[in-house]
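Numbering (the UniProt record's numbering), first residue to last: 1 to 373. Working notes for the structure below.
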Amino acid sequence: MNKLQEWPEPIVRVQSLSDSGTPLIPERYVKPPLERPSINSTASMDVNIPVIDLVGLYGDDHALRAAILDQIAIACREWGFFQVINHGVSPQLMDRAREAWRQFFHSPMEVKQAYANTPKTYEGYGSRLGVEKGAILDWSDYYFLHYLPSTLKDCNKWPTIPADCREVLDEYGKQLVKLCGRLMKVLSINLGLGEERLQNAFGGENIGACLRVNFYPKCPQPDLALGLSSHSDPGGITLLLPDNHVPGLQVRKDENWITVKPAPHAFIVNIGDQIQGRMRESGLISDEKLQVLSNATYKSVEHRVIVNSSEERVSLAFFYNPKSDVPIEPLKELVAPDRPPLYPAMTFDEYRLFIRMRGPSGKSQVESLKSPR
Ligand SMILES: O=C(O)CCC(=O)C(=O)O
Numbered sequence: 001m002n003k004l005q006e007w008p009e010p011i012v013r014v015q016s017l018s019d020s021g022t023p024l025i026p027e028r029y030v031k032p033p034l035e036r037p038s039i040n041s042t043a044s045m046d047v048n049i050p051v052i053d054l055v056g057l058y059g060d061d062h063a064l065r066a067a068i069l070d071q072i073a074i075a076c077r078e079w080g081f082f083q084v085i086n087h088g089v090s091p092q093l094m095d096r097a098r099e100a101w102r103q104f105f106h107s108p109m110e111v112k113q114a115y116a117n118t119p120k121t122y123e124g125y126g127s128r129l130g131v132e133k134g135a136i137l138d139w140s141d142y143y144f145l146h147y148l149p150s151t152l153k154d155c156n157k158w159p160t161i162p163a164d165c166r167e168v169l170d171e172y173g174k175q176l177v178k179l180c181g182r183l184m185k186v187l188s189i190n191l192g193l194g195e196e197r198l199q200n201a202f203g204g205e206n207i208g209a210c211l212r213v214n215f216y217p218k219c220p221q222p223d224l225a226l227g228l229s230s231h232s233d234p235g236g237i238t239l240l241l242p243d244n245h246v247p248g249l250q251v252r253k254d255e256n257w258i259t260v261k262p263a264p265h266a267f268i269v270n271i272g273d274q275i276q277g278r279m280r281e282s283g284l285i286s287d288e289k290l291q292v293l294s295n296a297t298y299k300s301v302e303h304r305v306i307v308n309s310s311e312e313r314v315s316l317a318f319f320y321n322p323k324s325d326v327p328i329e330p331l332k333e334l335v336a337p338d339r340p341p342l343y344p345a346m347t348f349d350e351y352r353l354f355i356r357m358r359g360p361s362g363k364s365q366v367e368s369l370k371s372p373r
């Protein structure tokens with residue numbers, strides 16, 4: 001546990017490296033050749049993750065609602081990623097939240113340093129994920145904070161620059177928790193369960209919610225580095241508010257990396273390990289369903305972020321997670337002797353600790369928990 005009290009090496013702010021004007025990135029940001037952005041990358045104009053309009057989700061038109069549920073089911077199976085528009089979150093609030101964070105990252109270093117984080121809770125201003133000494137690092141800084149449970153929410157750890165930052169953040173969190181609750185119902189129905197079942201399995205009202213704001217400074221050698229290494233998200237649902245001008249998110253599709261083209265005022269939704277990996281494998285989706293829908297494997301999909309030399313990028317990743325001490329295990333009504341659990345029951349706290357020790361590393365974290373069948 002001691003290992004998580006402090007960083008293994010002095011922290012270097014990536015923004016300072018970028019601002020220094022160095023033409024060469026330090027060795028420890030240089031990725032091994034097979035992880036570099038040029039490998040299997042495609043920025044084809046025709047390929048994108050699905051964009052789904054949620055406008056009919058809560059209306060009286062049952063056929064429209066069913067069609068939206070279907071689109072989400074297909075997107076989960078085929079991509080594990082999709083964008084939603086007309087989702088109910090105010091577009092002005094989305095813009096304001098992104099701008100507030102841009103302002104924060106552009107405030108003087110001593111202001112930001114006052115919020116410097118440690119690996120114990122990760123809350124605050126950070127520049128690395130994982131505590132492995134000598135690890136190759138990502139080309140980004142970030143800010144991490146908790147919304148839920150309310151016992152973890154500590155607004156004193158939220159920035160006061162710009163002046164309305166805390167107020168904007170609070171409202172942003174409220175609206176996103178609401179949207180995630182709606183999406184949980186959709187996923188639950190799509191898994192053939194009652195609409196509250198998934199939420200209840202996550203701990204009912206007592207779920208966790210947190211925000212990581214990523215700041216990717218300009219990088220003088222973008223072909224050698226990544227803004228965020230390949231990973232799948234450990235929690236339940238992630239709502240990503242991407243930069244409104246600069247692309248960078250890449251999603252793994254088979255052997256290729258597809259660059260996401262964000263729709264205006266969309267959230268990019270992806271399903272984390274707790275739903276797609278462990279709950280599926282432990283029986284949440286029946287084998288029959290998997291057979292009938294031949295391609296119907298829900299996966300927590302790997303994604304990563306590329307950087308560029310001409311523009312910085314800001315993104316807000318909102319994570320909706322199970323209650324930290326509820327063991328995530330198969331739902332009784334869906335387990336059968338011929339469908340034994342593939343992953344061990346683990347609380348989200350235990351799982352997150354496991355992830356935090358290692359930092360982002362593709363799907364190896366969730367895969368390493370799998371028991372042989
Ligand atoms: O910046 C992005 O587009 C993605 C961020 C992300 O994947 C994360 O914060 O986990």
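Even for Gly, the Cβ is constructed at its ideal location relative to N, Cα and C. Here the structure is a predicted model, which means the values were calculated and not measured.
When DSSP labels each residue in this structure, what does residue i get in the three-state scheme?
i	result
I189	helix
Q221	coil
S157	The residue asked about is misnamed: residue 157 is Lys in this sequence, not Ser. It is helical.
L249	strand
residue 391	No answer is possible for residue 391: it lies beyond the span of the chain, which begins at 1 and ends at 373.
E6	coil
E288	Any reading at E288 needs caution, since the residue's pLDDT is 37, under 50, leaving its predicted position unreliable; the model's value is listed next. It is helical.
N270	strand
D164	coil
D349	helix
D53	strand
G208	strand
R356	helix
I237	strand
A263	coil
R197	helix
R182	helix
L169	helix
I275	helix
F318	strand
V305	strand
F202	coil
L228	strand
N244	coil
P327	strand
R36	coil
residue 391	Only positions 1 to 373 of the chain appear in this structure, which leaves residue 391 out of reach.
L152	coil
S41	strand
Assuming residue i contacts residue j under a Cβ cut-off of 8 Å, what Cβ separation, rounded to an integer in Å, is found between them?
i	j	result
S18	P217	3 Å
residue 376	E311	Within the shown structure, residues of the chain are numbered from 1 to 373, placing residue 376 beyond reach of any answer.
E270	H303	Correcting the residue type first, residue 270 is Asn in the shown sequence and not Glu. Contact holds; Cβ gap of about 7 Å.
F241	F267	Looking at the sequence provided, one finds Leu at residue 241 rather than Phe. With 8 Å as the limit, L241 and F267 qualify as a contact, their Cβ atoms being about 6 Å apart.
P327	G203	P327 to G203, Cβ: 10 Å. No contact.
residue 403	L183	Nothing about residue 403 can be read from this structure; the chain reaches only from 1 to 373.
K253	N48	Wrong, their Cβ atoms sit about 11 Å apart, outside the cutoff.
residue 378	S140	Any answer about residue 378 is impossible in this case: the structure gives the chain only from 1 up to 373.
D223	S41	At roughly 10 Å, the Cβ-Cβ gap does not stay under 8 Å, so D223 and S41 are not in contact.
L4	K120	5 Å
F105	Y122	The pair is not a contact, with the Cβ atoms about 17 Å apart (cut-off 8 Å).
C180	I258	Rounded, the Cβ-Cβ distance is 24 Å, inconsistent with contact.
S315	D349	That belief does not hold up - the Cβ atoms of S315 and D349 are roughly 25 Å apart, past 8 Å.
P360	S230	7 Å
E126	M357	Looking at the sequence shown, residue 126 is not Glu but Gly. Actually they are not in contact, since the Cβ atoms of G126 and M357 sit about 15 Å apart, beyond 8 Å.
I52	A75	6 Å
*Whole beta strand (DSSP E) runs in the region 58-141 with 3 or more residues, listed along the chain?*
81-85, 124-126
*Counting only runs of 4+ residues fully inside the region 8-34, write out the alpha helix (DSSP H) ranges in chain order.*
If we require 4 residues or more, the alpha helix (DSSP H) runs fully inside the region 8-34 come out as 14-19.
*Touch test, the region 72-83 against the region 129-142, Cβ-Cβ under 8 Å, three pairs minimum*: At 8 Å Cβ cutoff, the stretches do not touch.
*asked:* Can you confirm whether the region 55-67 touches the region 197-210 when touching is taken to mean that 3 or more C-beta pairs between the two stretches lie within less than 8 Å?
replied: A contact between stretches requires three or more CB pairs, one per stretch, nearer than 8 Å, and the region 197-210 fails this requirement with the region 55-67.
_Pocket of ligand 1 defined by Cβ to heavy atom distance under 6 Å_ = Having a Cβ closer than 6 Å to some heavy atom of ligand 1 are R212, N214, L228, D233, L240, P242, G248, L249, H303, V305, S315, A317.
*With a cut-off of 8 Å, do at least 3 Cβ pairs link the region 108-122 to the region 171-187?*
no
*With a cut-off of 8 Å, do at least 3 Cβ pairs link the region 100-112 to the region 180-191?*
no
_Within 8 Å, do at least three Cβ pairs link the region 160-167 to the region 100-109?_
Yes, they touch.
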